[in-house]
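Student:
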Amino acid sequence: MKLTLLGAPGAGKGTQSDILSRKLGVPTISTGNILRSAIHDGTSVGLAAKSYIDKGQLVPDNVIIDIVQERLSQPDCANGFILDGMPRTIPQAEALIAHGIVLDGVLSLEVSDEDIVERMAGRRVCPRCGASYHVRMNPPKQDGVCDACGTALIVRPDDAPETVRDRLHIYHEQTEPLKGFYEKLGLLRSVENAGSIEDVSREIFRSLGIGE
Ligand code: AMP
Numbered sequence: 048m049k050l051t052l053l054g055a056p057g058a059g060k061g062t063q064s065d066i067l068s069r070k071l072g073v074p075t076i077s078t079g080n081i082l083r084s085a086i087h088d089g090t091s092v093g094l095a096a097k098s099y100i101d102k103g104q105l106v107p108d109n110v111i112i113d114i115v116q117e118r119l120s121q122p123d124c125a126n127g128f129i130l131d132g133m134p135r136t137i138p139q140a141e142a143l144i145a146h147g148i149v150l151d152g153v154l155s156l157e158v159s160d161e162d163i164v165e166r167m168a169g170r171r172v173c174p175r176c177g178a179s180y181h182v183r184m185n186p187p188k189q190d191g192v193c194d195a196c197g198t199a200l201i202v203r204p205d206d207a208p209e210t211v212r213d214r215l216h217i218y219h220e221q222t223e224p225l226k227g228f229y230e231k232l233g234l235l236r237s238v239e240n241a242g243s244i245e246d247v248s249r250e251i252f253r254s255l256g257i258g259e
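The opening position of the sequence shown corresponds to residue 48 in my numbering, with each subsequent residue numbered one higher.
1) Between the Cα of Gln116 and those of Asp101, Met133, Ile100 and Gly103, spot the shortest distance and give me the residue it belongs to.
2) Given that a residue counts as buried once 16 or more other Cβ atoms are within 10 Å of its Cβ, and exposed if not, what is Asp205?
3) What does the alpha-carbon distance come out to for the pair Ser248 and Gln104?
4) How far does the beta strand (DSSP E) with Lys49 in it extend, from its first residue to its last?
5) Report back the beta-carbon spacing between Leu52 and Leu154 to the nearest angstrom; my notes put them in contact at under 8 Å.
6) If you compare alpha carbons, which of Leu234, Ile201 and Val164 is closest to Arg214?
7) Would you say the segment 136 to 155 touches the segment 82 to 92, given that touching needs at least three Cβ pairs under 8 Å?
8) Is it the case that the Cβ atoms of Ile76 and Leu119 are separated by a distance below 8 Å?
9) Output the distance between the C-alpha atoms of Ile100 and Val172, rounded to the nearest integer angstrom.
10) Closer than 7 Å: is that where the CB of Ser84 sits relative to any heavy atom of the ligand AMP?
11) Let me know the secondary structure DSSP gives Glu223 once reduced to three states.
12) Report yes if the CB atom of Lys49 is closer than 8 Å to the CB atom of Gly127, and no otherwise.
13) Taking only three categories from DSSP, how would you classify Ser91?
14) Roughly how many angstroms lie between the CA atoms of Gly233 and Thr222, to the nearest whole one?
15) Going residue by residue through the segment 77 to 151, where are the continuous alpha helix (DSSP H) segments of at least 4 residues, counting only ones entirely within it?
16) Restricting to runs no shorter than 4 residues, where is the alpha helix (DSSP H) found entirely within the segment 166 to 230?
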């Protein structure tokens, strides 16, 4: 299955795409994680992306399209993948189609702006493996430490409240129109991200026609 998850920053795309990835046995491709690791490694892509990410702006489409095209050509994507955070603009969605990357489904995770601001305040991430937690809704087993790799968790710099407001504004302006784009293609499914992580996963499986 080739899927993408749409949703505001902090809507739960990372958490739910990892669950879907385990369920379907296909990799999650998170453009945010790829960019953060490029910044950490000091690559040319990382240098180009850093100033945009720090300001909460979108990285230019051509950078993203190159990254995704390269990643999707790897053998582990042959049987499917879950895109987390891509496309974020109509030109990115058009580029996927132009490159012959045909999605089977698009899942939009719906969360109100007020809830997003609250969720972002409690988000903690692992700077090493990219795992994401929430101090109340999805805490790690040991306070402040990643369950998966034991690294100390951090607050993402772009999760600062003023940057979150800018990211939400950009989401509504540039990413939300993708819902209409994919609705016209008959691919859009929407799920309210309300309730526990497990409840939402069940609802996602149901809406995508994936058996429990
Ligand atoms: P995320 O981890 O998905 O919230 O992404 C973090 C940041 O990376 C975003 O705020 C953007 O600056 C950048 N980014 C990630 N994916 C994309 C994309 N598909 N298009 C443009 N910028 C992106």
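All C-beta atoms, glycine included, are put in the ideal place defined by N, C-alpha and C.
Keep in mind it's a predicted model, so treat the numbers as computed, not measured.
Tutor: In brief:
1) Met133
2) buried
3) 29 Å
4) Lys49 to Gly54
5) 5 Å
6) Val164
7) no
8) yes
9) 15 Å
10) no
11) coil
12) yes
13) helix
14) 18 Å
15) 78 to 88, 91 to 102, 108 to 119 and 137 to 145
16) 208 to 217
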